[in-house]
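Novice: Letter 459 of the sequence shown, counting from 1, is numbered 459 in the working numbering, and no numbers are missing.
For each residue, glycine too, the CB sits at the ideal point set by N, CA and C.
Please read all numbers here as calculations on a predicted model, not as lab measurements.
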Amino acid sequence: MPLSFHLPRAQRRRLLLVAAACALTGPTACTGDRQSDATATNDVGGTLVVAVPAEPSTLFPPQVSGTQGGAVVSALFDRLADIGPALETYGDAGFQPRLARSWSWAADSLSIAFALDSAARWHDGAPVRAADVVYTYRAYTSDSVGAELRSMLGNIDSVTARDVRTAVFWFKRRLPQQFYEATYPLYILPSHLLDTIPMAQVGRAAFARHPVGTGRFRFVRWDAGQRIEVVADTANARGRAKLDRVIWSFTPDIGAATVRLFAGEADFLEMVRSENLAQLAQTPALRLVVNPAFAYTFLGFNQRDPADTTRPHPVFGDSLVRRALAMGVDRERMVRNVFDSLGVVSLGPAPRVLMPDTAAIRQIPYDPAGARALLDSAGWRDTNGDGVRERNGRSLAFEMLVPNISVTRQRLAVLLQEQFRAIGVKAAPLQLEVNTFMERTAALGYDASLSGWATSPGLVGIRQTWMSTGASNEVRYRNRTFDALADSALSSFDPVRSRAYWTRAFQLAVNDVPAIWLFEQRVPVVMHRRLIVPPLRADGWYADLAEWRVDPAQRLDRDRIGLRAPGGAR
C-alpha cells in the first residue's frame, strides 16, 4: 500500500540530505537493485558485521524467536523449497528448489513427495536423507520442543520416507497453502546428530549453540555476550555464499548498536532512529535501504490471571474494560508524537499491507468520556478520590512490560501511561531485558506487554499468533467465531470469499480488543556503501544473505580473511 509522508521542515531536510547523497552515488546507493559495470562481476569475499541490540537464546531452529536468531538460522539451514520474491503462499508456482530438487503432487492433492538433491550435504559431510525430513516434522510438532511455528503445521497429518531420498507429506485436507505449510515453516534438521537425544532435551543440547546445517554459510563460533560468526560453505551444493563471513555483534541496546555503526565497527543496523538521520546524511560510508518488513506493534492484554492461568485475568478478562482502554488512547496523536510521519497506526492483527480491505474495518474511536462511562458501567469507580478506579477492593492498575532494546516502545509506554491516567487507570511500565521479556510473555507472567510481530508471508501466520491454538498467541485470545472466520479465509480457493472472511475476522478482533493495535513503523535499514545487495524481502532482510557481496574496490581490512576451499577453512 503506497504511503504519502508529509514531513515537517527539519525532518524533511534530513531525508532530503540522504536522498541527495543517494542521487550523487547512483541508484545502487539506496536500492541495491542494480549494479555498476565495475561491480557486476561474480567476485566473492568480504565480511558483514551486523550490530544487534540483543543476543539470541538459542540457534535450535524450532525454538528460535525474533530476528536476532532468525537471521543466523536462515544462513545456516535450508528448507525443502523457498518462497519466491513475490512471497505468494498459494500453490507451489512461486517456490524455488532448495534441499528438494523437485516434487510431485498426488492425484487427490493430499500428499506431496519431495525428491531430495543427491548432492546436498550437512556441514559435517553427511548426506541429506528423507529421515532428516521425517525427524524435522517430529521435532517441530513435539510438545516437548514447543516450536513457535507448530500451529502452522496443523493440516499436515504425517511425514514419511518413501526411500532414502524421498520424503512424503500427507495432509488432512486440501488447502491453498499446503505447499507453503510443508516448506516455509520448516528448516530441515540433521537426524544423524539429533535423533538419539530425547525431545525434551534436544533444545538444551550442545547443538543449540554449535549447529550443523546445510546452508550456504557454516557455523564457526558463538562467544557469549559478544558475537556469533559464520563463514561461507565453500563446498555447498548450491554454490558458496558470496560473502566470506558474517558476524552478528551484540550490543546492550539500540543506542550502543548505532554508535558502533557510525564508528565503522559494524556494517549493518536493522533499525535507525529518526534522530540519527542527520548524522547519517553526513556519513558518506553509510546508506539507507528500503526495508518493506511485515511488522506491527501492539499493547497486548493477557487474558489469563498471571497468578493462576486457569482463571481469566481479573482486569482484562472483561471485554468492556479492554474496549474502554482502547477508547482512552489517541493512537493517531501518539504515532505522530513518536514517529512524525515515519509511522502509521496499526489497524488489527496483521500488517495493513496484508489486510485485504482496510477501508472496511471500523476502528474503535478515541473517546475518553465514553471510556470513563464504560468503566463506570463495569463497576470500576474511584471511590476514595486518589485518581485510580477500584472494584471489590482491587485497584484498576497493571504493569506494561517493555523490552529494553526498544526506545520507541519505551516512549509509547510513557504516553500510554499518561492517557490511561486520564481515565482513572494506573499503568506502570516495566523495562525488561529482551530474553526475559519473551520468557515472561510466553509463560503468561504479565498483565500487559508492548509486543510486536514480524509476520510470515500471506496471512497464514494468523494461525500461529491470534487463533486459539496458536503457539505464539501470548495474550491467549480465544474466540471461536474469529477462529472459524480465519480458517474459512485460509481454506477458500475463491479470493473474493476469502477476502470477505478476512474482513469479518479482522473486524471481530478490533471489536474484541485482545490488544490495542498501535503502529507500523516505516524505518529503512542502514548499511555500509561497499555492500551490494539484492532487494530486501519483507519476510526478513536476511532472506537472500548468501547473495550479498562486497565491492572489491571498497574492501576494508576485515574483508580480507583469506577463506579457502574446501570446507570454509581459514
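DSSP three-state call for Arg555: helix, strand or coil?
Specialist: Coil.
Novice: Hey, out of Gln507, Pro185, Leu416 and Val72, whose CA is closest to Arg209's CA?
Specialist: Checking every option, the nearest Cα to that of Arg209 belongs to Val72.
Novice: Which partner residues of Asp305 appear in the DSSP bridge assignment?
Specialist: DSSP, once it has assigned bridges, lists Asp308 as partnering Asp305.
Novice: Taking the C-alpha atoms as reference points, what is the distance between Ala484 and Arg336?
Specialist: Roughly 36 Å between the two C-alpha positions.
Novice: Examine chain D for any beta-carbon lying closer than 8 Å to the beta-carbon of Leu277, and answer yes or no.
Specialist: Looking at the structure shown, chain D is missing, and only one protein chain is on hand.
Novice: Around the C-beta of Trp105, are 16 or more other C-beta atoms found within 10 angstroms, so that it is buried, or is it exposed?
Specialist: Its Cβ having fewer than 16 others within 10 Å, Trp105 is exposed.
Novice: Straight-line CA distance for Ser571 to Ala54?
Specialist: Since the first residue of the chain shown is 1 and the last is 570, residue 571 is not available in this structure.
Novice: Helix, strand or coil: which one does DSSP assign to Glu399?
Specialist: Here Glu399 sits in strand by DSSP.
Novice: Are Ala285 and His528 close, meaning C-beta to C-beta below 8 Å?
Specialist: Closer than 8 Å, so yes.
Novice: With 16 as the cutoff for other CB atoms within 10 Å, does Gly445 come out buried or exposed?
Specialist: By the 10 Å Cβ count, Gly445 comes out exposed.
Novice: Looking at Leu556: is its Cβ nearer than 8 Å to the Cβ of Leu243?
Specialist: No, these two residues do not count as a Cβ contact at 8 Å.
Novice: From Ala232 to Glu265, what distance separates their C-alpha atoms?
Specialist: Their backbone Cα atoms lie some 21 Å apart in a straight line.
Novice: Buried or exposed for Gly503, going by 16 or more other Cβ atoms inside 10 Å?
Specialist: According to the sequence shown, residue 503 is Thr rather than Gly. Counting Cβ neighbours within 10 Å, Thr503 comes out buried, since at least 16 surround it.
Novice: If we ignore side chains and look at the alpha-carbon of each, how far apart do Val414 and Ala427 end up?
Specialist: Each residue's alpha carbon lies about 9 Å from the other.
Novice: With respect to the beta strand (DSSP E) encompassing Ile228, which residues constitute its N-terminal and C-terminal limits?
Specialist: First-last of the beta strand (DSSP E) with Ile228: Arg227 to Ala232.
Novice: In three-state terms, what does DSSP make of Ala428?
Specialist: Residue state, collapsed to three classes: strand.
Novice: Classify Asn164 as helix, strand or coil using the three-state DSSP reduction.
Specialist: As written in the sequence, residue 164 is Val, which differs from the Asn given in the question. In the structure shown, Val164 sits in coil (DSSP, three-state: anything other than H, G, I, E or B).
Novice: Can you tell me where the beta strand (DSSP E) holding Ser571 begins and where it ends?
Specialist: Residue 571 cannot be examined here, being either before or after the span of the chain that is shown, 1 to 570.
Novice: Alpha carbon to alpha carbon, what distance is there between Arg497 and Ser491?
Specialist: Looking at the two C-alpha atoms, the distance is approximately 10 Å.
Novice: Does the Cβ of Pro85 have 16 or more other Cβ atoms within 10 Å, making it buried, or fewer, making it exposed?
Specialist: Classification for Pro85: exposed.
Novice: So Thr234 packs on Leu99, CB below 8 Å; how close in whole Å?
Specialist: Wrong, their Cβ atoms sit about 19 Å apart, outside the cutoff.
Novice: Taking Asp108 as the reference, which of Leu76, Ser158, Thr166 and Arg173 has the closest Cα?
Specialist: Closest by alpha carbon: Arg173.
Novice: Assign Gly461 to one of two classes, buried (16 or more other C-beta atoms within 10 Å of its C-beta) or exposed (fewer than that).
Specialist: Classification for Gly461: buried.
Novice: Let's test the definition: count the other Cβ atoms within 10 Å of the Cβ of Glu474 and tell me whether it reaches 16, buried, or not, exposed.
Specialist: Per the 10 Å Cβ criterion, buried.
Novice: Applying the criterion that 16 or more other CB atoms from any shown protein chain within 10 Å of the CB defines a buried residue, is Thr28 buried or exposed?
Specialist: Low per-residue confidence applies at Thr28: pLDDT is 36, beneath 50, and the placement is therefore not dependable, though the value from the model is reported in the following sentence. Answer is buried; the Cβ neighbour count reaches 16.
Novice: In the structure shown, what three-state DSSP assignment does Ser274 receive?
Specialist: Helix at Ser274.
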